[in-house]
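A.B. asks: Sending over a structure as structure tokens; questions will come in a sec.
Number of protein chains: 2
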Amino acid sequence: MTRPYNFSAGPAMLPEPVLQRAREEMLDWHGSGMCPAEMSHRGKEFMSIAERAETDLRELLGISDDYRVLFLQGGASSQFAMVPMNLLRGHTSADYINTGSWSKKAIAEARRFCTPSIAASTEDDRFSRAPVQDELKLSSDAAYVHYTPNETIEGVEFPDIPDTGDVPLVADMSSTLLSRPLDVSRFGLIYAGAQKNIGPAGLTIVILRADLIGETLPGTPAMFDYGIHAKNDSMYNTPPTYAWYLAGLVFAWLKELGGLEAMAEINRRKAAKLYAAIDDSKFYANPVELRARSWMNVPFTLADPNLDGDFLAGAKDAGLLTLKGHRSVGGMRASIYNAMPEAGVEALVDFMREFERTRG
Amino acid sequence: MTRPYNFSAGPAMLPEPVLQRAREEMLDWHGSGMCPAEMSHRGKEFMSIAERAETDLRELLGISDDYRVLFLQGGASSQFAMVPMNLLRGHTSADYINTGSWSKKAIAEARRFCTPSIAASTEDDRFSRAPVQDELKLSSDAAYVHYTPNETIEGVEFPDIPDTGDVPLVADMSSTLLSRPLDVSRFGLIYAGAQKNIGPAGLTIVILRADLIGETLPGTPAMFDYGIHAKNDSMYNTPPTYAWYLAGLVFAWLKELGGLEAMAEINRRKAAKLYAAIDDSKFYANPVELRARSWMNVPFTLADPNLDGDFLAGAKDAGLLTLKGHRSVGGMRASIYNAMPEAGVEALVDFMREFERTRG
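This is the structure in structure tokens:
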């Protein structure tokens, strides 16, 4: 069967060459006779997989030795708690920038551990834009500044990295990490659930400046302590080995493709084609200010919401899956992560034009 | 290549039919054109996978509607904290039975949240036995009693379920769940990391009496709150979907095999053959009292530890992998979980006899 184009916001498409490789190695990784999921995490076979994955990720993002890279479980939702539990370090408050549904979840969870100060919020603008630098009310005594560079649900992406001076910047990059080159040195901590650009759900990448490690709140579980994971090279307990292996295949695929510069060029084109199709039409609309439109998640509405059902059904028949927008926003959403081929975006654009022509 | 027999304590062998099926479905699950790892966790395809897995697990273990079954992340190490954070419910202490390395880890983590009372300990006997009922010093005001029915490292298994009266019994069943039938109604909470008998690392099964849900310690992260996971059917955040899918394939495989009665019969035979080979020899020894010998993890020593290296090298050449004992115990350890074929145990026994004959 022809593989459909799956526009799911995550879990999302994986690169077909990665799936092909995983299939080939399912019962016999490199002549070992084992599936990677069967290997002891402390054996030399899996250790080589784990180290290769970290090396490739460091190379792709240009991560310096000042940073630790952790391969954890629990998703961004666990990071929402781990960040304050580990980074407050004696402070009682942290700054949070509120730009959408995932910012709000991070803020709500932080309230269990400190008093988050809202440095800026675009909620009154229905999360349709990213704040500019001058809007940010940063506190000098904040433990850190947290923001969500790309809001998966609202499709809003910061065009620039906020300047927070000496206060460590913390970013939930779940839906944007690896979509383009990144200056990691601007950040204190970056985290990302894997299920968009990295691999399968169940793996969380944390990139953490080493000097921030060491002081946790009383009552922090061992599994929520970055220091314990760092000290044990992400093997304090059994890590999600198969997910780690698949992420490694994704990193190798990105390197073969030419790295993040090459990936960015493709992503830029994909996003431009889809936004052009929306903007060229009077039938489709995207509410986000131009400078803050996401490369990864493109929400759009139909002029007549009564046609939403027909649009989704027709798209599905055309092999274009999971285009329904998040229930909190409505309309449609096309998530076009790294693994979405450019041909997938072109097929969506063709379908949108034909739907508008016949039904619009 | 012929698949080797991998005696790893976990991650461990997966049933070959499960891997074959996963390979076949890697790029196209049931005509969907998607890998299960690519599916939105809220889409109907994955929902059907998730529900089937839970239904099969409930059927295999005869789990009543009084219990919730959760598919979580974080491993048993997260449960070590989640159990006190959720089950103390106003109590200040809980009883812990100390029978080996994993009991000790559970106790150490519990100390972050309460005062664990040691109801019994076999540490003075070098963890070579399971306490009998009369030894247990149970406190009437304990929030719960925690024990480790099978100690993966020491190879000690409780032959009976302790009687704790009205105090909820909590069990870390990571290395024994699904090895045989179980009376779940005797327990308040059962948890198990998947990477022994259930599926790949990165998935944790929790079986929890519903009436115990609802009260957490202040400062409990949302991701450590059983109530939040139960309310959201394990989809408060994105669950480890591919691991959940693989676990479902394992459950289906167990059902095809005849369920846990049939599995228990095979496991009983496997363990009997291996212990007989040890006991029939003056060269190999297992330190565990007869009534408490584990069906799943069989540690044994060679009469001359200087031969350990040759034993391991020869075993590897014979396709018998990962037999080195845990560093804290030394010697050898053969983990013979459900997916280890009986022929694997026979091959190990043959190798042991031949090694003793030529080198013993």
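Sequence lines, in order, name chains A and B. According to this note's numbering, the first sequence is numbered sequentially starting from -12. According to this note's numbering, the second sequence is numbered sequentially starting from -12. Beta carbons are placed, not taken as given, at the ideal position from N, Cα and C, and that holds for glycine.
1) Kindly list, in the order they appear in chain B, the residues whose Cβ is closer than 9 Å to that of ARG98/A.
2) Anything in chain A within Cβ reach of ARG0/B, meaning under 7 Å, just list it in chain order.
3) Restricting to runs no shorter than 4 residues, where is the alpha helix (DSSP H) found entirely within the region 33 to 75 of chain B?
4) Could you check whether the Cβ of ARG10/B sits closer than 7 Å to any Cβ belonging to chain A?
5) Give me the chain A residues within the contact set of LEU14/B, using Cβ-Cβ distance strictly less than 8 Å, ordered along the chain.
6) Give the secondary structure of ALA230/A by DSSP, where H, G and I count as helix, E and B as strand, and everything else as coil.
7) Please classify ASP82/B: does DSSP put it in a helix, a strand, or coil?
8) Which class does GLU322/B belong to by DSSP, given the choice of helix, strand or coil?
9) Hey, does THR163/B have any beta-carbon neighbour from chain A nearer than 7 Å?
10) Kindly give me the distance between the Cβ atoms of PRO2/B and GLU12/B, rounded to whole angstroms, as I take these residues to be in contact under 8 Å.
11) I need the DSSP call for PHE287/A, collapsed to helix, strand or coil.
12) Less than 7 Å separating the beta-carbons of LEU176/B and LEU195/B?
13) Going by DSSP, what residue range makes up the alpha helix (DSSP H) through SER88/A?
14) Would LYS311/B be called buried (16 or more neighbouring beta carbons within 10 Å of its own) or exposed?
15) Can the beta-carbon of ALA365/A be found less than 7 Å from the beta-carbon of PRO103/A?
16) Under the three-state reduction of DSSP, which class applies to ASP159/B: helix, strand or coil?
17) HIS28/B touches chain A at which residues, Cβ-Cβ below 8 Å?
18) Going by DSSP in three states, SER172/A sits in which element: helix, strand or coil?
19) Between the alpha carbons of TYR262/B and GLY186/B, how many angstroms are there, rounded?
20) For GLY180/A versus ALA93/A, is the C-beta spacing smaller than 7 Å?
21) What residue does the beta strand (DSSP E) around ARG196/A start on, and which one ends it?
22) Please list, in chain order, all residues of the same chain as PRO168/A whose beta carbon is under 7 Å from its beta carbon, the five residues on each side excluded.
23) Relative to the alpha-carbon of GLY234/B, which residue among TYR(-8)/B, THR(-11)/B, LEU44/B has its alpha-carbon at the smallest distance?
24) I need the straight-line Cα distance from PRO(-2)/B to ASN184/B, nearest angstrom please.
25) Ends of the alpha helix (DSSP H) at ALA367/A?
26) Step through the CB atoms of chain A and report whether any lies within less than 7 Å of the CB of PRO227/B.
27) When you compare only the Cα positions, how much space is there between ARG255/A and VAL237/A?
28) Would you mind telling me which residues of chain A sit closer than 8 Å to GLY62/B, beta carbon to beta carbon, in chain order?
29) Would you mind working out which of THR345/A, GLY301/A, PHE211/A, ALA95/A sits nearest SER412/B, comparing C-alpha positions?
30) Starting from the C-beta of ARG278/B, find all residues in its chain whose C-beta is less than 6 Å away, skip the five residues before and the five after it, and write them out in chain order.
31) Around the C-beta of THR345/B, are 16 or more other C-beta atoms found within 10 angstroms, so that it is buried, or is it exposed?
32) Mark ARG98/A as exposed unless 16 or more other C-beta atoms lie within 10 angstroms of its C-beta, in which case mark it buried.
33) Does DSSP put TYR348/A in a helix, a strand or coil?
34) Under a CB-based cut-off of 7 Å, is ALA22/B close to chain A?
35) Does any residue of chain B bring its CB to less than 7 Å from the CB of THR309/A?
36) Taking Cβ to Cβ, would you say TRP89/B is nearer than 7 Å to GLU138/B?
C.D. replies: Let me spell this out:
1) Counted from its first residue, the first sequence places residue 98/A at position 111. Going along chain B, no residue has its Cβ under 9 Å from ARG98/A, so there is no contact; the nearest lies around 11 Å.
2) Here residue 0/B refers to the residue found at position 13 when the second sequence is read from its first residue. Residue identity differs from the one stated: residue 0/B is Met in this sequence, not Arg. Those within 7 Å of MET0/B in chain A are GLU25.
3) 62 to 74
4) The residue you call residue 10/B lines up with position 23 of the second sequence. True, the Cβ-Cβ gap to chain A drops below 7 Å.
5) The residue labelled residue 14/B in the question sits at position 27 within the second sequence. What LEU14/B touches in chain A: ARG(-10), GLU3, LEU6, GLN7, ARG10.
6) Taking the first residue of the first sequence as 1, we reach residue 230/A at position 243. Helix.
7) Within the second sequence, numbered from 1, the residue matching residue 82/B stands at position 95. Here ASP82/B sits in strand by DSSP.
8) Along the second sequence, read from residue 1 onward, the residue named residue 322/B stands at position 335. Looking at the sequence itself, residue 322/B is Ser, so the reference to Glu does not match. Of the three classes helix, strand and coil, the one that applies to SER322/B here is strand, per DSSP.
9) Here residue 163/B is taken as the residue at index 176 of the second sequence, counted from 1. Answer no: the Cβ-Cβ gap between THR163/B and chain A never drops below 7 Å.
10) Position 15 of the second sequence, counting from 1, holds the residue named residue 2/B. Position 25 of the second sequence, counting from 1, holds the residue named residue 12/B. Not a contact, Cβ separation roughly 15 Å.
11) As a first step, residue 287/A must be located in the first sequence, where it is residue number 300. Of the three classes helix, strand and coil, the one that applies to PHE287/A here is strand, per DSSP.
12) By 1-based counting over the second sequence, the position of residue 176/B is 189. By 1-based counting over the second sequence, the position of residue 195/B is 208. Yes.
13) Within the first sequence, the letter at position 101 stands for residue 88/A. Unbroken alpha helix (DSSP H) run through SER88/A: 88 to 97.
14) Position 324 of the second sequence, counting from 1, holds the residue named residue 311/B. That one is buried.
15) Residue 365/A lies beyond the range of chain A shown here (-12 to 347); nothing can be said about it.
16) Stepping through the second sequence from its first residue, residue 159/B is reached at position 172. Here ASP159/B sits in strand by DSSP.
17) Locating residue 28/B in the second sequence gives position 41, where the first residue counts as 1. Simply PRO(-2), ALA188.
18) Residue numbering aside, residue 172/A sits at position 185 when the first sequence is read from its first letter. It is helical.
19) Position 275 of the second sequence, counting from 1, holds the residue named residue 262/B. Position 199 of the second sequence, counting from 1, holds the residue named residue 186/B. So the two alpha carbons sit approximately 26 Å from each other.
20) What you label residue 180/A is simply residue 193 of the first sequence in a count that begins at 1. What you label residue 93/A is simply residue 106 of the first sequence in a count that begins at 1. Cβ atoms of GLY180/A and ALA93/A: not closer than 7 Å.
21) For the purposes of this step, residue 196/A is taken as the residue at position 209 of the first sequence. Its beta strand (DSSP E) spans residues 191 to 196.
22) Here residue 168/A corresponds to residue number 181 of the first sequence, with the count starting at 1. The residues are LEU247, GLU248, ALA251.
23) Taking the first residue of the second sequence as position 1, residue 234/B is located at position 247. Per the sequence presented here, residue 234/B reads as Ala, with Gly not at that position. The shortest C-alpha separation from ALA234/B is found at LEU44/B.
24) In the second sequence, the residue the question calls residue -2/B occupies position 11. In the second sequence, the residue the question calls residue 184/B occupies position 197. Approximately 9 Å between the Cα atoms of the pair.
25) This structure leaves residue 367/A out entirely; chain A is present only between -12 and 347.
26) Position 240 of the second sequence, counting from 1, holds the residue named residue 227/B. Cβ-Cβ to chain A under 7 Å: yes for PRO227/B.
27) The count along the first sequence starts at 1 and reaches residue 255/A at position 268. The count along the first sequence starts at 1 and reaches residue 237/A at position 250. Going from the Cα of ARG255/A to the Cα of VAL237/A covers about 19 Å.
28) To locate residue 62/B, count along the second sequence from 1; it is residue 75. Within chain A, the residues near GLY62/B are GLN60, MET210, ASN224, THR225.
29) With chain B covering only -12 through 347, there is no way to say anything about residue 412/B.
30) As a working mapping, residue 278/B is identified with position 291 in the second sequence. The residues are PRO146.
31) The count along the second sequence starts at 1 and reaches residue 345/B at position 358. Under this definition THR345/B is an exposed residue.
32) Within the first sequence, residue 98/A is the residue found at index 111, counting from 1. Its Cβ having fewer than 16 others within 10 Å, ARG98/A is exposed.
33) Past the boundaries of the shown model lies residue 348/A; chain A is included only from -12 to 347, so the question cannot be answered.
34) Numbered from 1 along the second sequence, position 35 holds the residue referred to as residue 22/B. Here residue 22/B is Cys; the residue named in the question, Ala, does not match the sequence. Closer than 7 Å to some Cβ of chain A, the Cβ of CYS22/B qualifies, so yes.
35) Working through the first sequence from its first residue, we reach residue 309/A at position 322. Taking Cβ atoms only, chain B reaches closer than 7 Å to THR309/A, which makes this a yes.
36) As a first step, residue 89/B must be located in the second sequence, where it is residue number 102. As a first step, residue 138/B must be located in the second sequence, where it is residue number 151. For TRP89/B and GLU138/B, yes; Cβs fall inside 7 Å.
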